[in-house]
Structure formats: C-alpha cells, structure tokens
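Visitor:
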Amino acid sequence: MPEQLYPWMHLIGRVLFAMIFIASGMNHFFKLNEGAAYATAKGIPAAKAMTVVSGLMILLGGVSVLLGWHRFIGAGLIVIFLVPTAFVMHAFWKETDPMMMQNEMAHFMKDMALAGAALLIAFYSGAAWPMSIGG
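This is how it looks when you write it as structure tokens:
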C-alpha cells in the first residue's frame, strides 16, 4: 500500500517545496520597487537589477523542481540564491533589537533549511522522478 503513495508523496513534496520559490519569484516582479527598496536598505548594489536576477533564479528554479525538468540546475539556482540571501539579507547577528534579531534568525534558519532541501533535491536529481517531465 505505501508503495502506491510514494509517487504522490513525491509530487506533493515538490509542489510544497516549489510553491515558496514560485510565489516569491513572482513577487520579485509584481513588487519590484518594494523589493529593490528593501535590498537597497540591506546594502545591495544595483538593487533593482539584483531583484530581477534573483527573482528569475528562484522562479525558474521553483518551476524546474515542480515539473522535474532540469532539476539539478533548478535546485542549484535555488541554493545559489538562498545561501547568500541568508547571510546578506538576514544577518541576525547585526541586529540589536531582540525582536528583530529573532525575526532575522528565523529567516536565516529557514533559508539554510531550504538550501539543505535543495541540495538533497540536486543530489537525487539523477534518479527517475515520478510524475515529472524528466531531464
């Protein structure tokens, strides 16, 4: 019986994982000025261009993992986005306000956990994936 659930579990896991990157990637474009302002406040050079580039990275990465198409590249794009983002945008150790420190730490840890999951996806990208385009 569980063997029949595995393909569906795989698909649902991909959907849940990809959802945050697809939604966030689209927000990078729908709310470009707000995202660029936030990036500027964090000291990112060429903030608007970086917002567009990072939005493309996570949108393409999320769609790739969701569809199971060029999933190593897609997961790689997500990791390449998440690790620097965690350190630059969520540097909790720089915060002096305890509430802000906790908030940034939660975001930092979330980004690192998602990067770990993306690395696992990249690791298993060579195996056959159920209900995927493949590649």
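Start counting at 1 in the sequence shown, then tack on 1, and there's your number in the numbering used here.
Quick reminder that beta carbons are idealized off the backbone N, C-alpha and C, glycines included.
Everything numeric in this text was worked out from a predicted model, so none of it was measured.
Using 8 angstroms for Cβ pairs, my map puts Met-58 next to Ala-40. What's the rounded Cβ distance?
Guide: Indexing the sequence shown from 1 puts residue 58 at position 57. Indexing the sequence shown from 1 puts residue 40 at position 39. No, Met-58 and Ala-40 are not in contact; Cβ-Cβ is about 14 angstroms, not under 8 angstroms.
Visitor: Flag this pair as yes or no: are the beta carbons of Gly-56 and Ala-76 separated by less than 9 angstroms?
Guide: Numbered from its first residue, the sequence shown carries residue 56 at position 55. Numbered from its first residue, the sequence shown carries residue 76 at position 75. Going by C-beta atoms, Gly-56 is not nearer than 9 angstroms to Ala-76.
Visitor: For Met-110, which residues from the same chain have a beta carbon less than 8 angstroms from its beta carbon, with the 5 sequence-adjacent residues on both sides left out?
Guide: Translated into positions along the sequence shown, residue 110 becomes position 109. Nothing listed; no residue qualifies.
Visitor: Over the uninterrupted alpha helix (DSSP H) stretch that includes Met-27, give me the two end residues.
Guide: Walking along the sequence shown from the start, residue 27 turns up at place 26. Note, Met-27: alpha helix (DSSP H), 3-31.
Visitor: Could you pull out every residue in the same chain whose Cβ sits closer than 6 angstroms to the Cβ of Gly-69, ignoring the five residues on either side in sequence?
Guide: As a working mapping, residue 69 is identified with position 68 in the sequence shown. Contacts found: Trp-130, Ser-133, Ile-134.
Visitor: Any idea what DSSP makes of Ile-45, helix, strand or coil?
Guide: Within the sequence shown, the letter at position 44 stands for residue 45. Residue state, collapsed to three classes: coil.
Visitor: In angstroms with no decimal places, state the Cα-to-Cα distance between Arg-72 and Ser-65.
Guide: Position 71 of the sequence shown, counted from the first residue, corresponds to residue 72. Position 64 of the sequence shown, counted from the first residue, corresponds to residue 65. Looking at the two C-alpha atoms, the distance is approximately 6 angstroms.
Visitor: Is there a C-beta anywhere in chain D that falls below 9 angstroms from the one on His-11?
Guide: Note that chain D does not occur in the displayed structure, where there is just one protein chain.
Visitor: Hey, Leu-60 and Phe-31: beta-carbon distance below 9 angstroms or not?
Guide: Within the sequence shown, numbered from 1, the residue matching residue 60 stands at position 59. Within the sequence shown, numbered from 1, the residue matching residue 31 stands at position 30. No; because the gap between Cβ atoms is not below 9 angstroms, this pair is not in contact.
Visitor: I'd like to know whether the C-beta atoms of Met-106 and Ile-45 end up nearer to each other than 9 angstroms.
Guide: Position 105 of the sequence shown, counting from 1, holds the residue named residue 106. Position 44 of the sequence shown, counting from 1, holds the residue named residue 45. No, Cβ-Cβ distance for Met-106 and Ile-45 is not below 9 angstroms.
Visitor: In this structure, does DSSP put His-71 in helix, strand or coil?
Guide: Looking up residue 71 in the sequence shown gives position 70. Coil, per DSSP.
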